[in-house]
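J.: This structure is in structure tokens; I'll ask about it shortly.
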Amino acid sequence: MKQDLKRSGGIIAIISLVFFLLFTVRGIFTLDQMLASLKNGGWTMKEVTAQFADLLSYNGVIIFLTVSSAVLCGVSRFCYLHSSTKLDFYHSLPIKRDHFFWVQFLSGILQFVVPFLVNMLIVLFIGALRGVTTGGVVGQVLLGGFIHILFYLLLYITVILAMMLTGKIVVGILAVTVFLLYLPGVIFLATGLFSIFFKTFYQNESFWMQLAEYFSPLFLYGLTIGAASEGSMFLKELLIAIAAFAAMLVIVLYLYRIRSSEASERAIAFPKSESVIKFLLVVPISIGCGFIAHMMAIEGKDLWLAFGVIFGGVISSAIIEFIYHIDFTKVLARKKLMLASLIVSFAIIGIFRFDVFGYDRNIPKEENVESAAIWIDGLATNVYEKWSDNGIYISGTDTKSYVLDHMQVTKMDRIYEIVESAINKPEDVSTNYVIVKYRLKNGKEKIRSYQAEHSVLEKALADLYQTQEFKEGLYPAINLTGDEVGKIELVKTDESIQLNLNSKQLISLVDTFREELANMKYEDMKASSLVSIRLEGINKKVPSGTYTLYPCFEKTLALLKEYGYSVDAKLDPDKVISMRVLKYEEKGSREEVFSSKEDFKEIAENLVNSGVNDYFLFPQSSAYDVNVTYKNEKGDTITSYMYLYNDNIPQCIKDRFDD
1235 MKQDLKRSGG
1245 IIAIISLVFF
1255 LLFTVRGIFT
1265 LDQMLASLKN
1275 GGWTMKEVTA
1285 QFADLLSYNG
1295 VIIFLTVSSA
1305 VLCGVSRFCY
1315 LHSSTKLDFY
1325 HSLPIKRDHF
1335 FWVQFLSGIL
1345 QFVVPFLVNM
1355 LIVLFIGALR
1365 GVTTGGVVGQ
1375 VLLGGFIHIL
1385 FYLLLYITVI
1395 LAMMLTGKIV
1405 VGILAVTVFL
1415 LYLPGVIFLA
1425 TGLFSIFFKT
1435 FYQNESFWMQ
1445 LAEYFSPLFL
1455 YGLTIGAASE
1465 GSMFLKELLI
1475 AIAAFAAMLV
1485 IVLYLYRIRS
1495 SEASERAIAF
1505 PKSESVIKFL
1515 LVVPISIGCG
1525 FIAHMMAIEG
1535 KDLWLAFGVI
1545 FGGVISSAII
1555 EFIYHIDFTK
1565 VLARKKLMLA
1575 SLIVSFAIIG
1585 IFRFDVFGYD
1595 RNIPKEENVE
1605 SAAIWIDGLA
1615 TNVYEKWSDN
1625 GIYISGTDTK
1635 SYVLDHMQVT
1645 KMDRIYEIVE
1655 SAINKPEDVS
1665 TNYVIVKYRL
1675 KNGKEKIRSY
1685 QAEHSVLEKA
1695 LADLYQTQEF
1705 KEGLYPAINL
1715 TGDEVGKIEL
1725 VKTDESIQLN
1735 LNSKQLISLV
1745 DTFREELANM
1755 KYEDMKASSL
1765 VSIRLEGINK
1775 KVPSGTYTLY
1785 PCFEKTLALL
1795 KEYGYSVDAK
1805 LDPDKVISMR
1815 VLKYEEKGSR
1825 EEVFSSKEDF
1835 KEIAENLVNS
1845 GVNDYFLFPQ
1855 SSAYDVNVTY
1865 KNEKGDTITS
1875 YMYLYNDNIP
1885 QCIKDRFDD
């Protein structure tokens, strides 16, 4: 093995140099920057140690180095399999084939592991000199190192398997790409077919992504690192990686023993597998080309779909045959196999195109459903905020996932009324996007999406808002306690104010708000509001979110006033200075200014705040925009942009614009 490693000095030098520059040097520079920020008060020591640990464990650069090293070592160690001269020479040496394999295999592992560990220890040592390498940092780095080495082994054996199955280096590298991306590609293609042909299909991105991740060493690597960096469990991923490595090692050893020396003269080392490989490649490529053509076409989508399938099938078949033979005269070889691939491709697409199994028509029987969750686009949009992976800041809203995970409605008649109306609705009605999750009594779940009729939704919501199980699944705050909230903000049209409350006041305010939120009726939300309240949990496990303070929240508004935060849920006509109403018409726009108290009162009753969370409540925007200038609670002059909707245009505006 020593002699073998000496002959591989070039590869070892390249890997060591890249690790030194991208791992050690970069790590030291980054550590210096963090320590400089610490001195300037920009970072805390806790943040520095956390980022330093992440830098040496769950870092994208390490992933890149691991993947590229696995490919480089796998190809360089076993490229001799693609040279008949080298193969004859090595097999003529007085050494058993199995022993020679293990020398190559273990050398390839050491080429990565040694530079990786050495550079890791160097950075840890420098961190220790600067007081950053704590016991927690060492533990995280060791765990991260174990994960990286494990997935190096998995990727490395994948590359070796690709080299074992092929007889030319270029084909071997192509095979590596196929092994890493084929199954995820097929899964993503399947989701695409579901999306364009099934109207009720809900693309649960996390489910499909995780499914794809488990079928690729590369994707599984990313999944495991992501889980580890978030502090989630990843034992299952590690066990899958270990099992996959062991299985592929057994396969590689078997193939190595039966692989003939003549295999180096062929693109595929085992000729009997050529037809199987071609079929498995041509079918998804054909479907993928048809899918792309269908997506790009504006008219005649079905014709373009058929063209794409045929074009993709013929071209991919020809390319594969050329790779097999390196002979243009044989690009149309195995015509029957190509025809069979096209037939299978059309059959699969036909199942989707004509919904052979009734996917869109399939609704679980009500007696088989234990509970359901329904998410409605535009309803309670900001009540659940999603934290970033490091838990330091909030990165957006994810109400949909909260509702689908937590809502358990057992009053199924209204849910089924919505679903049935969505399936049988007329073409010219106003609709809203909804997602329904059925939890069946047998433990299974089904998720479907619909375009539901707005009027039917409103009638159903009037009843659903009478049930606590619906509201508890829609509004996370109902399930909170005052001591779980760390911060409260008032969000107005012109500013956000963080409330300065003691513990008793905070708990009292949260409990009062929760009580009124639980008692809120659907009709109460029709009254627009100019103010919202944002509750931030004490940690990322506690839901944070923003809720509109409707006028019906009388106790909450009174309590805020008692604590010194007087707010107006509705626009006070007496504080309005002017209203500029702009109407958009075909020939341009027209503006009218309103200045009388009577007009202010009539218009204010119908205005909708442009920052309203529940835009579902106001589905039809009008041609009118309103700029309101008014005095806020502090006496400052504020100008806000607000809406009017078709079903609430004040008469004074209609008269002024001759509508």
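Just so you know, we're using this note's numbering here: the sequence shown kicks off at 1235 and counts up by one.
Cβ coordinates follow ideal geometry from the N, Cα and C atoms, glycine included.
1) I think TYR1797 touches LEU1735, with their Cβ atoms under 8 Å apart; what is that distance to the nearest whole Å?
2) For TYR1390, which of helix, strand or coil comes out of DSSP?
3) Taking 8 Å as the cut-off, does the segment 1697-1709 touch the segment 1637-1649 (at least 3 CB pairs, one atom from each stretch)?
4) Mind checking which residues open and close the alpha helix (DSSP H) that includes THR1300?
5) Consult DSSP for TRP1277 and reduce its assignment to one of helix, strand or coil.
6) Quick check: ILE1430 and MET1529, are their CB atoms within less than 8 Å of each other?
7) Taking the beta carbon of PHE1286 as the centre, do at least 16 other beta carbons fall within 10 Å, making it buried, or is it exposed?
8) Look at the alpha carbon of GLY1308 and the alpha carbon of MET1641, and state the distance between them as a whole number of angstroms.
9) Whose C-beta lies closer than 7 Å to the C-beta of LEU1600 among residues of the same chain, with five residues either side of it excluded?
10) Since I believe VAL1371 is in contact with THR1283 (beta carbons under 8 Å), could you give me their beta-carbon distance rounded to a whole number of angstroms?
11) According to DSSP, is LEU1376 part of a helix, a strand, or is it coil?
12) Tell me which residues share the same chain as ALA1606 and place their Cβ nearer than 7 Å to its Cβ, disregarding the 5 neighbours each side in the sequence.
13) Count the C-beta pairs between the segment 1519-1526 and the segment 1573-1580 that are closer than 8 Å, then say yes if the count reaches three, no if not.
14) In terms of alpha-carbon separation, which member of ASP1806, VAL1404, TYR1818, SER1683 lies closest to GLU1867?
15) If we count Cβ pairs, one from each stretch, closer than 8 Å, do we get three or more for the segment 1860-1874 versus the segment 1811-1824?
16) Could you please give the first and the last residue of the uninterrupted alpha helix (DSSP H) stretch that includes GLU1796?
17) Under the DSSP definition of a beta bridge, which residues are partnered with GLY1822?
18) Reducing DSSP to helix, strand and coil, say where ARG1814 ends up.
19) Is ALA1478 near PRO1518, with beta carbons less than 8 Å apart?
20) What runs of the alpha helix (DSSP H), each 4 residues or longer, lie entirely inside the segment 1457-1524?
21) Tell me LYS1726's beta-bridge partners as DSSP assigns them.
22) If you pair each beta-carbon of the segment 1832-1843 with each one of the segment 1878-1888, do three or more pairs fall below 8 Å?
23) On the CB-based measure, 16 or more other CB atoms within 10 Å of its CB, does MET1876 come out buried or exposed?
24) Select from LEU1740, ALA1503, PHE1852, HIS1382 the residue whose C-alpha is nearest the C-alpha of SER1494.
25) Contact check, ILE1383 vs VAL1347 under 8 Å by CB: the rounded distance?
26) Within 8 Å of any Cβ in chain B, is that where the Cβ of ASN1616 sits?
27) Expressed to the nearest angstrom, what Euclidean distance is found between the alpha-carbon atoms of LEU1256 and VAL1295?
28) Looking only at its chain, what residues have a beta carbon closer than 7 Å to the beta carbon of ASN1353, apart from the 5 residues adjacent to it on each side?
29) At the level of alpha carbons, what is the spacing between PHE1850 and LYS1680?
30) Taking the DSSP output, what are the residues bridged to TRP1609?
31) Given a threshold of 16 other Cβ atoms within 10 Å of its Cβ, counted over all protein chains shown, does ARG1595 qualify as buried or as exposed?
32) If distances are taken between C-alpha atoms only, which option among ALA1838, TYR1858, ARG1491, ALA1552 comes closest to GLU1819?
33) Whole beta strand (DSSP E) runs in the segment 1324-1376 with 3 or more residues, listed along the chain?
34) Is ILE1249 closer than 8 Å to GLN1345 when the C-beta atoms are compared?
35) Which residues does DSSP pair with GLN1732 in a beta bridge?
T.: From the atom records:
1) 6 Å
2) Looking at TYR1390 - three-state DSSP - the assignment turns out to be helix.
3) Taking a cut-off of 8 Å for Cβ pairs, the segment 1637-1649 and the segment 1697-1709 touch, as three or more such pairs fall below it.
4) Note, THR1300: alpha helix (DSSP H), 1294-1312.
5) coil
6) yes
7) buried
8) 50 Å
9) It should be pointed out that residue 1600 corresponds to Glu in this sequence rather than to Leu. Apart from sequence neighbours up to five positions away, the residues of its chain that approach GLU1600 with a beta-carbon distance below 7 Å are MET1646, TYR1650, ordered along the chain.
10) 6 Å
11) helix
12) VAL1643, MET1646, ILE1649, VAL1670, LYS1671, TYR1672, ARG1673
13) yes
14) From the listed residues ASP1806, VAL1404, TYR1818, SER1683, the smallest Cα separation to GLU1867 is found for ASP1806.
15) yes
16) 1788-1796
17) GLY1822 pairs with GLU1819.
18) strand
19) no
20) The alpha helix (DSSP H) runs lying completely inside the segment 1457-1524 and spanning 4 residues or more are 1469-1492, given in chain order.
21) Answer by DSSP bridge pairing: none, since LYS1726 is not bridged.
22) yes
23) When all chains shown are included, MET1876 counts as buried.
24) ALA1503
25) 6 Å
26) No chain B appears in this structure, which consists of one protein chain only.
27) 7 Å
28) PHE1253, PHE1254, PHE1257, THR1258
29) 25 Å
30) ILE1669
31) exposed
32) TYR1858
33) Whole beta strand (DSSP E) segments, 3+ residues: zero.
34) yes
35) GLU1723
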